[in-house]
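Numbering (our numbering), first residue to last: 864 to 1231.
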């Protein structure tokens, strides 16, 4: 693994992107083909400032934002940014096929597959050979669970001209939807050959490898992400998860510690680190990390139904194991308050007198 890491680092180091080029569509497209999505975003925005009606620049910007949103956790809001930028333009130009197709692409990326399918279909009625619309249609069908139809549409998109990386990626997603992970791997590797610095493709390559139990291939994919972006938090988080599945506890803790150091406001990082300590039997550290996870979710205003319940429950279990009754009662009461406000699907119930380990002996005797 260490040798692979050194080799990958040398490979990507030799392909460092050039200095910022003047803001032109050709330069922005070249940056996209190098996987330099942040540069694409900046250059496309410059173009649109001087040319607000440049549809090609807007299409490129939207694609860059969607792909960048899957590159690391702190870019996830990029999908909403892409939606805001494209939706108004799409409403004003309902017959611009490229614009409508990328609008469908954005819609499916934010979890609105029904509208994505309808938008893509309207484009294909005017231009049946539009591969970006066909790809967005396929991904929309994947989003509603119609995986066989999605595969059929993806195969047709790949046979069309243009948008080659996008269509091969969509085909990989469609193959994964029907459980054909080996063909999914082959398809995403074709996409990688077309753009070997596009980070989301490596996360998807790793995902398909994990589905067939190939932890080595998944690890290599994550290391390639780190070779491109040494500060990438998502790759470290996935390596923590993978190490945990493989029961490599020390490696999992090491990767998760790196996540919390680089992204201290990322609640899931603290949860995963707490979980590793819990599985290792270090309940005091588990309790501390779960507490950080629950605190962050409250401070960040996460909706109750969207909070990670385990940060409260496992925190309470750790507190009970170490005999920290005050913390256990505080955590349990926080959970009860949340449950009273919102209909949580998870349950955590103690007897009326409270957690058995924290009840005074006389109360335990009286209660039978």
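Backbone N, C-alpha and C define an ideal beta-carbon position, used for all residues, glycine too.
Can you give the beta carbon distance from residue i to residue j, rounded, assuming they're within the 8 Å contact cut?
i: residue 948; j: residue 921; result: 7 Å
i: residue 1069; j: residue 1101; result: 7 Å
i: residue 1159; j: residue 1130; result: 4 Å
i: residue 980; j: residue 1004; result: 6 Å
i: residue 1061; j: residue 898; result: 4 Å
In terms of residues, what are the limits of the alpha helix (DSSP H) holding residue i?
i: residue 931; result: 918-932
i: residue 1156; result: 1146-1162
i: residue 961; result: 960-972
i: residue 1210; result: Per DSSP, residue 1210 belongs to no alpha helix (DSSP H) and is neither H nor E.
i: residue 947; result: 941-955
i: residue 976; result: 976-989
i: residue 1010; result: 1010-1022
i: residue 807; result: Residue 807 lies beyond the residue range present for the chain, which begins at 864 and ends at 1231; the question has no answer from this structure.
i: residue 936; result: Residue 936 -> no alpha helix (DSSP H), and no H or E assigned at all.
i: residue 895; result: 888-896
i: residue 1139; result: 1130-1143
i: residue 997; result: 994-1006
Can you give the Cα-Cα distance for residue i and residue j, rounded to whole angstroms?
i: residue 1230; j: residue 1222; result: Residue confidence for residue 1230 is low, a pLDDT of 38 falling below 50, so the modelled location carries little weight; the figure read from the coordinates is stated next. Cα to Cα, residue 1230 sits roughly 10 Å from residue 1222.
i: residue 1217; j: residue 1197; result: 14 Å
i: residue 1143; j: residue 1202; result: 30 Å
i: residue 873; j: residue 1057; result: In this prediction, residue 873 has a pLDDT of 41, which is less than 50 and means its spatial position is unreliable; what the coordinates show is noted afterwards. When rounded, the distance between both Cα atoms is 20 Å.
i: residue 1190; j: residue 960; result: 58 Å
i: residue 1182; j: residue 1120; result: 21 Å
i: residue 1220; j: residue 1122; result: 34 Å
i: residue 911; j: residue 942; result: 18 Å
i: residue 988; j: residue 1109; result: 49 Å
i: residue 968; j: residue 962; result: 10 Å
i: residue 1043; j: residue 1055; result: 19 Å
i: residue 841; j: residue 1090; result: Since the first residue of the chain shown is 864 and the last is 1231, residue 841 is not available in this structure.
i: residue 1215; j: residue 1050; result: 57 Å
i: residue 932; j: residue 938; result: 5 Å
i: residue 1053; j: residue 1034; result: 10 Å
i: residue 950; j: residue 1185; result: 53 Å
i: residue 934; j: residue 1074; result: 20 Å
i: residue 902; j: residue 1174; result: 37 Å
i: residue 1092; j: residue 1026; result: 25 Å
i: residue 1169; j: residue 955; result: 35 Å
i: residue 1063; j: residue 930; result: 7 Å
i: residue 1041; j: residue 1011; result: 7 Å
i: residue 895; j: residue 1065; result: 16 Å
i: residue 884; j: residue 926; result: Note that residue 884 has pLDDT 42, beneath the 50 cutoff, so the model's placement of it is unreliable and the number below is only indicative. The straight-line gap from Cα to Cα measures roughly 20 Å.
i: residue 1111; j: residue 1145; result: 15 Å
i: residue 1208; j: residue 893; result: 48 Å
i: residue 868; j: residue 1048; result: Summary for residue 868: the model assigns pLDDT 44, below 50, so the residue's position carries little reliability; its value from the coordinates is reported in the next sentence. Their Cα atoms are separated by approximately 21 Å.
i: residue 993; j: residue 1141; result: 52 Å
i: residue 1162; j: residue 1045; result: 43 Å
Could you check whether residue j and residue i sit closer than 8 Å to each other, using their CB atoms as the reference points?
i: residue 995; j: residue 965; result: yes
i: residue 1098; j: residue 1088; result: yes
i: residue 1013; j: residue 971; result: no
i: residue 1007; j: residue 957; result: no
i: residue 936; j: residue 1084; result: no
i: residue 1116; j: residue 1139; result: yes
i: residue 1001; j: residue 1023; result: no
i: residue 1211; j: residue 1176; result: yes
i: residue 904; j: residue 928; result: yes
i: residue 1105; j: residue 1078; result: yes
i: residue 924; j: residue 952; result: no
i: residue 1135; j: residue 1154; result: no
i: residue 1019; j: residue 997; result: yes
i: residue 1156; j: residue 1171; result: yes
Quick one: is the Cβ of residue i within less than 7 Å of any heavy atom of the ligand COA?
i: residue 1002; result: The ligand COA is absent from the structure shown, which contains no ligand whatsoever.
Open item on the list: Threshold first: 4 residues or longer. Then list the alpha helix (DSSP H) segments lying entirely within the segment 1038-1083, N to C.
Closed with: 1044-1057 and 1062-1074
Open item on the list: Which runs of the alpha helix (DSSP H) at least 4 residues long sit entirely within the segment 1179-1208? Give them in chain order.
Closed with: 1188-1204
TODO: Mind listing, in chain order, the continuous alpha helix (DSSP H) runs of no fewer than 4 residues lying wholly within the segment 1086-1112?
DONE: 1096-1108
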